[in-house]
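Novice:
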Amino acid sequence: MAAISRGWKLDENKTRLDAVFGVAGATDPAVLFSMNATGVSFFNAAPAAQVADVLAAPAGGTGATAGAYDGAANRDLMIATVNGMRDCLRTFGLMA
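When we follow the numbering used here, the leftmost residue of the sequence shown carries the number 330, and every step to the right adds one.
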């Protein structure tokens with residue numbers, strides 16, 4: 330069984346620090362976490378700056394429909410909120 334290599338690796342320009350994990354002798358070990366002056370990332374994504382706030386989820390209806398997304402505006406805002414969160418996760422390599 331091949332040995333496992335792991336540890337911190339600084340790139341040749343000394344601008345990016347990676348936490349690596351891989352099989353000894355592999356030419357391209359998995360990078361689990363990276364950081365540089367811009368920001369952080371996971372799973373070999375390029376480090377990215379903090380993402381601007383995503384839209385807040387709508388409160389939904391009132392009265393008998395409290396919490397319901399019964400109108401087009403609330404439904405569309407909820408879709409935009411979920412898509413914004415998905416994009417943020419992708420930016421940092423936390424979602425495919």
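Backbone N, C-alpha and C fix where the C-beta goes; we use that ideal spot for every residue, glycine too.
(1) Helix or strand or just coil, what does DSSP make of V411?
(2) Could you name the residues that DSSP lists as bridge partners for R335?
(3) Measure the CB-CB distance between F421 and V383 and report whether it falls below 8 Å.
(4) Using the Cα positions of A375 and A366, report the straight-line distance between them to the nearest angstrom.
(5) Taking DSSP as the reference, what is the three-state secondary structure of N342?
(6) List the residues that DSSP assigns as beta-bridge partners of V383.
Specialist: Let me spell this out:
(1) In the structure shown, V411 falls within a helical segment according to DSSP collapsed to helix, strand and coil.
(2) According to DSSP, R335 bridges with F350.
(3) Taking 8 Å as the Cβ cut-off, F421 and V383 do not qualify as a contacting pair.
(4) Answer to the nearest angstrom: the Cα atoms are 12 Å apart.
(5) Of the three classes helix, strand and coil, the one that applies to N342 here is coil, per DSSP.
(6) None, per the DSSP bridge assignment.
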